[in-house]
Amino acid sequence: MAEAKKLFIKTYGCQMNVYDSQRMADALGNSGYVPTERAEEADMILLNTCHIREKAAEKVYSELGRFKPLKAANPDLKIGVAGCVAQAEGEEIMRRQPLVDLVVGPQTYHRLPAMEAAVRTGNRAVDTDFPEEDKFDHLPRGPRAARGPTAFLTVQEGCDKFCAFCVVPYTRGAEVSRPVDRIMAEARDLVERGVREITLLGQNVNAYHGAGADGTWTLARLIRALAKVDGLERIRFTTSHPNDMEDDLIAAHGDEPKLMPYLHLPVQSGSDRILKAMNRKHSAESYLRVIERLRAARPDLLLSGDFIVGFPGETEADFDDTMALVRAVHYGQSYSFKYSARPGTPAAERATVPDDVASDRLHRLQALLTEQQRATQDAMVGRDVSVLLEKPGRLPGQMVGKSEYLHAVHVADATARIGQIARVRVTKSVTNSLAAEPV
Ligand code: SAH
Ligand code: SF4
Ligand code: F3S
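Sequential numbering of the sequence shown, starting at 1, is according to the working numbering.
Set out below in structure tokens:
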């Protein structure tokens, strides 16, 4: 048997890309590729890219430049660009970086084996279609190797919301939900391979409306069905839009014990004027009302948010509204960004806020968010939490995992095993993690 070819994938961007990278590795497994962690020994390098902000896109080109010596050392090495930069820039990538053999968008990676064969015969291949067929349908079932205790599962893709700043509707295409039976089958397979926690993924995951045997299912119904799968202990989902936070999903946070008390619910701004300019289609007030209802259902829910500062037209008063909203919600986790103009989006045409002003606002916002994150974490000390153990810690007799609230927890217990859910008492809060002992 010929020696296996080696595949090196580097992943940028959101969790959906992490999931896609795994599926790309599955697809190329059929063409004889095994994964490697070392680019130097690869026969194929794939960069699974992100186009969300300018810096993310530029990183791809600087990374590609670094592969030049590898290609010189191994003329058989093939280099591919996948993901959202591939979708946005297509063939342009090959013009800018002639090292690239293959460009594949996020909706066509099931065609990778054929593209790989084409580049092996010396051709270049570009595929950035939004095909009719379902990419998930065409993927081979990967080798049923054991998996770690946590996994992502994409249930919904694309976005029809068209926020004025965002490239996702263009790079990922229209909203599509995967059918219920496929998701259930994939979840059962993951559980058989050792997975105990599944995070359901979608750019707008709570807009899920997949075909079930008896009509269209909501995300809440899907979660309740998944909760009945034996061996699956925890369910999470991300990312949600405030406008799709329906009653049944809010209720599930209150009465479905396997649904973890953590919710990422981006708001972007606390100013109604800016929210309107962003085309978010919700107000600060309506967002706060959703949070209120969620907390009524699940009082200990840990909330996470995304924020953009320096959106075109943002004044100091608008920024104050964002700070006020953050104070009103009190986030346990958050991600905040300086606005980055993206070619092709409506906001890119508008006058920008000076960079020093935006940077200053970002610093002030991040100081507040960090303070809230720290306070939320510190408040865990003395409480009992459940930790799904994922790997050994750095110290002997220590294991690391995540609590219900997604805090990283170091558990001092020499008898603990990976995949076990340990009931522990939090003893200490340090930067970005908690320490705990068995109860
Ligand atoms: N689908 C998700 C995530 C979109 S991208 C959602 O709707 O929330 C993740 C985050 O990146 C966004 O929530 C937003 O805060 C940020 N983002 C998107 N486009 C951006 C841009 N042009 N500049 C700066 N941040 C951006
Ligand atoms: Fe982008 Fe808005 Fe869609 Fe989220 S909801 S992916 S921010 S367009
Ligand atoms: Fe980036 Fe595409 Fe995800 S632009 S954030 S990788 S959907």
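Beta carbons are placed, not taken as given, at the ideal position from N, Cα and C, and that holds for glycine.
In the structure shown, tyrosine 335 adopts extended strand secondary structure according to DSSP, grouped into three states.
At least one heavy atom of the ligand SF4 is found less than 6 Å from the C-beta of histidine 241. Contact annotation: lysine 135 and glutamine 107 have beta-carbon atoms nearer than 7 Å. Sorting Arg417, Thr376, Gly254 by C-alpha distance to the C-alpha of threonine 431 places Thr376 at the top.
The three-state secondary structure of aspartate 300, taken from DSSP, is coil.
Note: glycine 212 is bridge-paired with Gly215 in the DSSP secondary-structure output. Isoleucine 418 and leucine 388 have their C-alpha atoms some 8 Å from each other. Between serine 31 and the set Glu54, Lys5, Arg38, the nearest pair of CA atoms involves Lys5. Bridge pairing for arginine 236: Thr199 [DSSP]. Put simply, of Ala225, Glu233, Arg221, Val267 the residue whose alpha carbon is nearest the alpha carbon of asparagine 243 is Val267.
Following the DSSP letters along the chain, one finds alanine 422 inside the beta strand (DSSP E) bounded by residues 421-430.
Arginine 178 has its alpha-carbon roughly 10 Å from the corresponding atom of methionine 184. In this structure, the C-beta of threonine 171 approaches the ligand F3S to less than 6 Å from one of its heavy atoms. For asparagine 48, DSSP records a beta bridge to Thr11, Ala82. Taking the CA atoms as reference points, glutamine 87 sits about 7 Å from valine 104. DSSP places tyrosine 405 in the coil class of the three-state scheme, outside both helix and strand. DSSP places leucine 389 inside the beta strand (DSSP E), whose first and last residues are 384-392.
Each residue's CA atom was taken as its position, placing glutamate 390 and proline 299 some 27 Å apart. Taking the Cβ of lysine 10 as the reference point, every heavy atom of the ligand SF4 lies at 6 Å or farther away. Judged by pairs of C-beta atoms under 8 Å, the segment 42-51 touches the segment 4-19, as three or more such pairs exist. According to the DSSP assignment, aspartate 127 belongs to the beta strand (DSSP E) that extends over 125-127. When distances are taken from the beta-carbon of lysine 338 to the heavy atoms of the ligand SF4, even the shortest one reaches 6 Å or more. Rounded to the nearest whole angstrom, the CA to CA distance from alanine 408 to glutamate 197 is 15 Å. At the C-beta level, valine 119 and leucine 99 stay beyond 7 Å of one another.
Ranking Gly212, Asp272, Ala56, Val81 by CA distance to the CA of tyrosine 339 puts Ala56 first.
The beta-bridge partner set that DSSP reports for glycine 305 consists of Ser334. Rounded to whole angstroms, the separation of the alpha carbons of valine 205 and aspartate 248 is 14 Å. When Cβ pairs closer than 8 Å are counted between the two stretches, the segment 276-284 is seen not to touch the segment 251-262, the count staying below three. The DSSP assignment places 135-138, 168-171, 180-192 as complete runs of the alpha helix (DSSP H) inside the segment 130-201, in order along the chain (cut-off: 4 residues).
For histidine 253, there is no enclosing beta strand (DSSP E); the enclosing alpha helix (DSSP H) has its first and last residue at 247-255.
Relative to the non-hydrogen atoms of the ligand SAH, the Cβ of cysteine 84 never comes closer than 6 Å to any of them. The segment 152-167 makes contact with the segment 330-349: 3 or more CB pairs, one atom from each, lie closer than 8 Å. Looking at the backbone, the Cα of glutamate 292 and that of isoleucine 250 are separated by about 10 Å.
By the 16-neighbour rule on beta-carbons within 10 angstroms, asparagine 17 is buried. Excluding sequence positions up to five before and after serine 271, its CB lies within less than 6 Å of the CB of Asp318, Asp321, all in the same chain and listed in chain order. For glutamate 116, the three-state secondary structure derived from DSSP is helix.
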